[in-house]
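Asks: Residue numbers are given in this note's numbering: position 168 of the sequence shown equals residue 188, and the series is strictly consecutive.
Where a beta carbon is used, it is the ideal one built from N, C-alpha and C, also for glycine.
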Amino acid sequence: MKVRKAVIPAAGFGTRFLPATKAQPKEMLNVVDKPLIQYSVEEAVGSGIEHIAVIISRGKSALMDHFDQSPELEYFLEKKNKLDLLEQVKEISGLAEFCYIRQQQALGLGHAILMAESFIAGEPFAVLLPDDIFDCPVPCTKQLIDVYQEYASSVVVLGRVDKEGTKKYGIIKPKQMTETTFQVLDLVEKPGPEKAFSDLGLIGRYVFTPEIFDAIRRTPPDHRGEVQITDAIKLLLEEQSVYGHLFEGTRYDCGDKLTFLQASLALALKREEFQRPLKDFLKTLE
Ligand code: G1P
21 MKVRKAVIPA
31 AGFGTRFLPA
41 TKAQPKEMLN
51 VVDKPLIQYS
61 VEEAVGSGIE
71 HIAVIISRGK
81 SALMDHFDQS
91 PELEYFLEKK
101 NKLDLLEQVK
111 EISGLAEFCY
121 IRQQQALGLG
131 HAILMAESFI
141 AGEPFAVLLP
151 DDIFDCPVPC
161 TKQLIDVYQE
171 YASSVVVLGR
181 VDKEGTKKYG
191 IIKPKQMTET
201 TFQVLDLVEK
211 PGPEKAFSDL
221 GLIGRYVFTP
231 EIFDAIRRTP
241 PDHRGEVQIT
251 DAIKLLLEEQ
261 SVYGHLFEGT
271 RYDCGDKLTF
281 LQASLALALK
291 REEFQRPLKD
301 FLKTLE
């Protein structure tokens with residue numbers, strides 16, 4: 021079955037970015053010249069996704085405005101003959117069909133995904149965590165969809181993580197199938213270096229069969245009272261195989277202040293108009 025729908029969880033408080041996120045969603049923080057979430061939306065669309073549910077919470081209306089039409093702005097740009105900008109602005113609202121679902125309480129990533137059950141309506145679907153920007157020859161979600169099509173099973177994206185990474189990411193116990201595909205035998209959320217099965221971490225992209233929703237419903241909350249998607253995948257494993265895909269490309273983690281700055285700089289340096297002046301500027305700082 022074609023993967024046409026995606027869920028983008030964006031309901032968190034963004035506490036790691038305070039004070040920047042006191043009155044503005046983390047997902048709207050600017051990376052080079054567009055908000056963080058737009059990278060995930062463009063990746064989804066580039067992967068064949070047509071319908072996107074964004075899971076939001078109070079204070080996130082800027083997200084809805086960003087992907088909506090903006091008649092006043094469009095009228096203004098047209099009148100001023102700023103046609104390039106007009107085109108860009110119009111493109112954003114036409115990217116996909118958007119649906120916004122409120123998660124009333126911060127009860128974890130698994131719970132946030134469960135909010136989209138009726139929107140997904142029994143289809144396979146992708147999940148993109150907007151903290152991560154993937155710059156890949158084939159969009160990362162598309163790479164997962166290709167593996168999903170081959171194995172007709174849920175697929176998680178994998179990246180090699182260091183010791184510190186085992187405290188930040190879900191970690192899998194792998195059985196290698198091909199150079200880049202692993203069967204997931206077991207997995208655990210943020211185990212730390214002692215309990216980690218491997219150095220293969222879940223880094224923010226998933227394709228799920230709809231059976232994940234039952235698994236989420238059966239997942240008990242963790243010690244913080246949150247339902248983790250990693251724990252739900254562990255329950256899904258009792259009924260279905262799950263695969264992991266070591267993606268091809270570069271991932272930029274925008275999840276905390278330092279990595280966000282590094283990602284912004286790296287992505288800006290890839291842009292022709294910024295590269296030379298930015299490099300010159302950086303030299304003056306040394
Ligand atoms: C979440 C998931 C974790 C995953 C990570 C990827 O954690 O629970 O399994 O490895 O995203 O970024 P969070 O970053 O929300 O704490």
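#1: Among the candidates Glu-170, Val-175, Arg-78, Leu-129, whose CA atom is the shortest distance from the CA of Gln-44?
#2: Within this structure, are the beta carbons of Glu-209 and Asp-242 separated by less than 9 Å?
#3: Does the distance from the CB of Asp-314 to the CB of Gly-224 come in under 9 Å?
#4: In terms of DSSP beta bridges, what is Ala-155 paired with?
#5: What beta strand (DSSP E) runs, 3 residues minimum, are completely inside the segment 219-243?
#6: Tell me, which residues are paired with Leu-148 by DSSP?
#7: Answer yes or no: do Ile-51 and Leu-287 have a C-beta to C-beta separation smaller than 9 Å?
#8: Looking at Pro-194 and Val-204, is the spacing between their C-beta atoms short of 9 Å?
#9: Alpha carbon to alpha carbon, how far is Thr-250 from Leu-178?
#10: Using a Cβ-Cβ cutoff of less than 6 Å, which residues in the same chain neighbour Tyr-59 once the five nearest sequence positions on both sides are dropped?
#11: Would you check if the distance between the CB atom of Gln-237 and the CB atom of Leu-134 is smaller than 9 Å?
#12: Ends of the beta strand (DSSP E) at Arg-180?
#13: Out of curiosity, what's the CA-to-CA distance linking Arg-291 and Thr-304?
#14: Is it the case that the CB of Lys-254 approaches a heavy atom of the ligand G1P more closely than 8 Å?
#15: For the ligand G1P, I want to know if Thr-161 counts as a neighbour, meaning its beta carbon is within less than 8 Å of at least one of the ligand's heavy atoms.
#16: Tell me the DSSP bridge mates of Lys-193?
Replies: Taking the geometry as given:
#1: Taking the sequence shown and counting its residues from 1, one reaches residue 44 at position 24. Answer by Cα proximity: Arg-78.
#2: Position 189 of the sequence shown, counted from the start, is the residue given in the question as residue 209. Position 222 of the sequence shown, counted from the start, is the residue given in the question as residue 242. Closer than 9 Å, so yes.
#3: Only positions 21 to 306 of the chain appear in this structure, which leaves residue 314 out of reach.
#4: Numbered from 1 along the sequence shown, position 135 holds the residue referred to as residue 155. Sequence check: residue 155 is Asp here, not Ala. Looking at the DSSP assignment, Asp-155 forms a beta bridge with Thr-270.
#5: 220-228
#6: The count along the sequence shown starts at 1 and reaches residue 148 at position 128. Arg-225.
#7: Sequence index remark: in the sequence shown, residue 51 carries index 31 (1-based). Sequence index remark: in the sequence shown, residue 287 carries index 267 (1-based). According to the sequence provided, residue 51 is Val. The question's Ile does not apply to it. Yes, Cβ-Cβ distance for Val-51 and Leu-287 is below 9 Å.
#8: Within the sequence shown, residue 204 is the residue found at index 184, counting from 1. Within the sequence shown, residue 194 is the residue found at index 174, counting from 1. Contact: yes.
#9: Walking along the sequence shown from the start, residue 250 turns up at place 230. Walking along the sequence shown from the start, residue 178 turns up at place 158. Cα-Cα distance, rounded: 13 Å.
#10: As a working mapping, residue 59 is identified with position 39 in the sequence shown. Counting only Cβ-Cβ distances below 6 Å, and skipping sequence neighbours, we find Ile-153.
#11: Here residue 237 refers to the residue found at position 217 when the sequence shown is read from its first residue. Here residue 134 refers to the residue found at position 114 when the sequence shown is read from its first residue. One point to set straight first is that residue 237 is Arg, not Gln, in the sequence displayed. It is a contact, given that the beta carbons lie within the stated cut-off.
#12: On the sequence shown, position 160 is the one that residue 180 refers to. From DSSP, the beta strand (DSSP E) with Arg-180 extends over 174-180.
#13: Within the sequence shown, the letter at position 271 stands for residue 291. Within the sequence shown, the letter at position 284 stands for residue 304. So the alpha carbons of these two residues sit roughly 20 Å apart.
#14: On the sequence shown, position 234 is the one that residue 254 refers to. Result no, Cβ not under 8 Å from the ligand G1P.
#15: Numbered from its first residue, the sequence shown carries residue 161 at position 141. Flag unset: Cβ of Thr-161 not near the ligand G1P.
#16: Mapped onto the sequence shown, residue 193 falls at position 173. In DSSP, Lys-193 forms a bridge with Asp-206.
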